[in-house]
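First up is the structure itself, then whatever we jot down about it.
Below, the structure is given as structure tokens:
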């Protein structure tokens, strides 16, 4: 079960235009939750309990947005797509620091 909601993803993940009619992003959010848990496993008790920290929700949306847009054939070197890549990398870096107890 994802830490974020569909509404969270619509605000923190991708704009509606990028979703192109997709109304359910739960598969991508669930996969992102699995990535988050892989960083937290061994250091924190899982699964996290609601209410989830805002940082975790934001990171999940960033990871899910990158996964979602990646299957749509986006070019990470073009325009706004670079922002998605940067947000994804920042999310991974934050999770790594969190797993190491640095944040």
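Numbering (the numbering used here), first residue to last: 83 to 185. Here a beta-carbon is modelled for each residue, glycine too, at the ideal position from N, C-alpha and C.
Query                                                                                                                                                                 : Result
Looking at C-alpha atoms only, which residue of 170, 136, 162 and 103 is the closest neighbour of residue 87?                                                         : 136
On the premise that residue 173 lies in contact with residue 145, defined as a C-beta separation below 8 Å, what is that separation, rounded to the nearest angstrom? : 5 Å
Closer than 7 Å by C-beta to residue 170: which residues in its own chain qualify, once you throw out the five before and the five after it? Chain order, please.     : 144, 145 and 148
Of all the beta strand (DSSP E) runs that stay within the bounds of the region 106 to 153, which reach a length of 3 or more residues?                                : none
Quick check on the burial criterion: 16 or more other C-beta atoms within 10 angstroms. Buried or exposed for residue 95?                                             : buried
Compare the beta carbon distance of residue 123 and residue 84 with 9 Å and say whether it is the shorter of the two.                                                 : no
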